[in-house]
Amino acid sequence: MLVIDANVVVASLIGRGTVFLLIKQLNKAGIKLFSPSFLEKEIEEHFDEIMEKTKLDKPVLKYLISELLKLIEIEPKSKYEPYMEQARKTCSDSDDIPYLALSLSLGKAPIWSFDEKLKEDCSKIGIRVLSSVEEVMKELLPKNKWKNR
Amino acid sequence: MEVPKELIDDFKKVLEELLEESKTRLLLSLIERSKLTEKEALELGEKIKHGIAVKHGVY
Numbered sequence: 001m002l003v004i005d006a007n008v009v010v011a012s013l014i015g016r017g018t019v020f021l022l023i024k025q026l027n028k029a030g031i032k033l034f035s036p037s038f039l040e041k042e043i044e045e046h047f048d049e050i051m052e053k054t055k056l057d058k059p060v061l062k063y064l065i066s067e068l069l070k071l072i073e074i075e076p077k078s079k080y081e082p083y084m085e086q087a088r089k090t091c092s093d094s095d096d097i098p099y100l101a102l103s104l105s106l107g108k109a110p111i112w113s114f115d116e117k118l119k120e121d122c123s124k125i126g127i128r129v130l131s132s133v134e135e136v137m138k139e140l141l142p143k144n145k146w147k148n149r
Numbered sequence: 150m151e152v153p154k155e156l157i158d159d160f161k162k163v164l165e166e167l168l169e170e171s172k173t174r175l176l177l178s179l180i181e182r183s184k185l186t187e188k189e190a191l192e193l194g195e196k197i198k199h200g201i202a203v204k205h206g207v208y
């Protein structure tokens with residue numbers, strides 16, 4: 001189980017495809033990826049900006065995003081709502097609250113994020129934040145599975 | 150001649166894996182066309198993250 005930050009989701013659209021491939025690989029290894037609610041809606045709201053920055057055609061980008069979202073389980077807010085208050089007390093940045101609450105609801109599942117503040121805050125309550133591709137690979141993927149690619 | 154069920158299942162499995170592999174390659178080839186930079190991805194990610202937090206009513 002791994003909670004995935006929106007910044008990682010967007011990074012999977014970077015041209016080298018490293019993050020995307022890792023997400024696929026985690027999925028294949030049976031590691032479930034979770035995101036808080038509203039990820040789809042927010043991506044939709046920023047679709048034009050994503051299209052402008054990626055310079056991808058609309059149908060291509062739509063297809064990529066739909067395939068990407070199939071690999072992530074979007075948890076309903078009701079599932080982690082009881083942990084929002086605890087998360088609020090821990091997070092120095094309010095944007096991180098839903099992620100921390102979700103992790104707490106999943107028994108302190110690790111979070112994959114490039115956010116340094118989140119890493120600092122989470123370390124205080126014993127939640128691991130994996131902040132690089134290498135770290136995620138090392139922690140979660142059995143060596144042979146990655147080598148076989 | 151009747152083909153054993155196990156053989157059919159194995160064949161199906163191999164086909165499914167091949168299809169999945171082809172799909173991943175197609176997706177990667179599409180992503181490779183993206184001009185998104187790391188900096189832009191982080192900025193966009195933060196905007197989306199902020200929007201998610203707002204929709205959760207944390208502000």
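From first to last, the protein sequence lines are chains A and B.
Every letter in the first sequence is one number past the one before it in the numbering used here, and letter 6, counting from 1, is 6.
If you count the second sequence from 1, you need to add 149 to reach the numbering used here.
Note that beta-carbon positions come from the ideal geometry of N, C-alpha and C, so glycine has one too.
What you are looking at is a predicted structure, and each value in this text was computed from that prediction instead of being measured.
{"Asked": "Endpoints, the alpha helix (DSSP H) within which residue 180 (chain B) is located", "Found": "154–180"}
{"Asked": "Collapsed DSSP secondary structure at residue 35 (chain A) in the structure displayed", "Found": "strand"}
{"Asked": "Host beta strand (DSSP E) of residue 73 (chain A) (start-end)", "Found": "72–74"}
{"Asked": "Burial state of residue 29 (chain A) (16 or more Cβ within 10 Å)", "Found": "exposed"}
{"Asked": "Inter-stretch contact (C-beta, 8 Å, three-pair minimum) for the segment 67–82 of chain A and the segment 181–201 of chain B", "Found": "no"}
{"Asked": "Inter-stretch contact at 8 Å, needing at least 3 Cβ pairs: the segment 81–94 of chain A / the segment 53–66 of chain A", "Found": "no"}
{"Asked": "Beta-carbon neighbours of residue 94 (chain A), restricted to chain B and to distances below 8 Å", "Found": "202, 207 and 208"}
{"Asked": "Residue 185 (chain B) in three-state terms, based on DSSP", "Found": "coil"}
{"Asked": "Local conformation of residue 4 (chain A) per DSSP, three classes", "Found": "strand"}
{"Asked": "7 Å Cβ shell around residue 101 (chain A) - same chain, five flanking residues per side excluded", "Found": "80, 83, 84 and 87"}
{"Asked": "Residues that residue 97 (chain A) contacts on chain B, provided the C-beta gap is smaller than 9 Å", "Found": "202, 205 and 207"}
{"Asked": "Length of the line joining the Cα atoms of residue 64 (chain A) and residue 121 (chain A)", "Found": "32 Å"}
{"Asked": "Spatial neighbours of residue 11 (chain A) in its chain, beta-carbon cut-off 6 Å, leaving aside the 5 residues before and after", "Found": "19"}
{"Asked": "Beta-bridge pairing of residue 129 (chain A) - partner residues as DSSP gives them", "Found": "A:111"}
{"Asked": "Entirely enclosed alpha helix (DSSP H) segments - the segment 78–103 of chain A, minimum 4 residues", "Found": "84–90"}
{"Asked": "Any C-beta of chain B under 8 Å from that of residue 42 (chain A)", "Found": "yes"}
{"Asked": "Buried or exposed by the 16-neighbour rule on C-beta atoms within 10 Å, applied to residue 132 (chain A)", "Found": "exposed"}
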